[in-house]
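Asks: The structure under discussion is supplied below as structure tokens; questions concerning it will follow.
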Amino acid sequence: MLVPVSRDFLSNLNSRLYYDRPAHRRSVGLDLDQKYAMQQLDFTLLSTSTPAIAVEMKPKYAVKSPSFPTCKYCMMQAYKKSIDPMNTYPQAYCPLDLFSGDFGRVLKAIEILLDTPDHHHTKLFINGCISSIHQVLLLLRI
Numbered sequence: 008m009l010v011p012v013s014r015d016f017l018s019n020l021n022s023r024l025y026y027d028r029p030a031h032r033r034s035v036g037l038d039l040d041q042k043y044a045m046q047q048l049d050f051t052l053l054s055t056s057t058p059a060i061a062v063e064m065k066p067k068y069a070v071k072s073p074s075f076p077t078c079k080y081c082m083m084q085a086y087k088k089s090i091d092p093m094n095t096y097p098q099a100y101c102p103l104d105l106f107s108g109d110f111g112r113v114l115k116a117i118e119i120l121l122d123t124p125d126h127h128h129t130k131l132f133i134n135g136c137i138s139s140i141h142q143v144l145l146l147l148r149i
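For the sequence shown, this note's numbering assigns the number 8 to the initial residue and increments by one for each residue that follows.
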């Protein structure tokens, strides 16, 4: 739902979120000139008797350029590897796999996201609290 917001509200929210952001991103904050914001439910919490497990995925650069045979994310990874041969980002991941419609490719992409959440802007929650894949697997007894 789109809701109106004031500059004071955004400034206060920006201050409250400051230490939740990675240190290298703290120089960038909320746009205080925005007049509206998107209000969403917290889907990491459910009112059930069983634990709620939620996965937040933010696939980056999932756009294929018509000029290149690969997506922007894969181009960025190739560039990073070219300037730093010790780059450890998983090379098998492509965000286009998530939207391919091919079950095998989608599953492979999700497995990589869950195996390396820090590299791919993926977060796991149990009952609203950020968790690790190991905690989720223990809960599921896998």
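The beta carbon of each residue, even a glycine, is placed where N, CA and C say it ideally should be.
Let me confirm a value: PRO102 is counted as buried when at least 16 other C-beta atoms fall within 10 Å, else exposed. Which label applies?
Replies: Flag for PRO102 reads buried.
Asks: For LEU152, is the classification buried or exposed, using 16 other Cβ atoms within 10 angstroms of its Cβ as the cut-off for buried?
Replies: The structure shown does not extend to residue 152, since the chain spans only 8 to 149, so no value can be given for it.
Asks: Nearest by alpha-carbon distance to ASP38: which of ALA69, THR123, ALA61, SER13 is it?
Replies: Cα-wise, what sits closest to ASP38 is SER13.
Asks: For GLY135, which option in HIS128, GLY108, ARG112, ILE60 has the closest C-alpha, if you only look at C-alpha atoms?
Replies: GLY135 has its Cα closest to that of ILE60, out of HIS128, GLY108, ARG112, ILE60.
Asks: Taking the beta carbon of ALA116 as the centre, do at least 16 other beta carbons fall within 10 Å, making it buried, or is it exposed?
Replies: Classification for ALA116: buried.
Asks: Would you identify the three-state DSSP class for LEU37, choosing helix, strand or coil?
Replies: In this structure, LEU37 counts as coil in the three-state DSSP scheme.
Asks: Comparing C-alpha positions only, which one of TYR26, LYS130, ASP104 sits nearest to LEU69?
Replies: Looking at the sequence itself, residue 69 is Ala, so the reference to Leu does not match. Closest by alpha carbon: ASP104.
Asks: Leaving out five residues on either side along the sequence, give the residues of the same chain with a beta carbon under 6 Å from the beta carbon of LYS79.
Replies: Correct list, in chain order: TYR68, VAL70.
Asks: Nearest to THR123 by CA position, among MET64, THR57, SER107, PHE110, is which residue?
Replies: Looking at the Cα atoms, MET64 is the closest of the given residues.
Asks: Along the chain, where does the alpha helix (DSSP H) that runs through PHE110 open and close?
Replies: First-last of the alpha helix (DSSP H) with PHE110: 110 to 122.
Asks: Rounding to the nearest angstrom, what Cα-Cα distance links TYR26 and ARG32 in this structure?
Replies: Answer to the nearest angstrom: the Cα atoms are 10 Å apart.
Asks: Output needed for LEU17: all residues of its chain with C-beta closer than 7 Å, excluding positions within five of it in sequence on either side, in chain order.
Replies: Once the five neighbours on either side are set aside, the close Cβ partners of LEU17 are LEU37, LEU39, GLN41.
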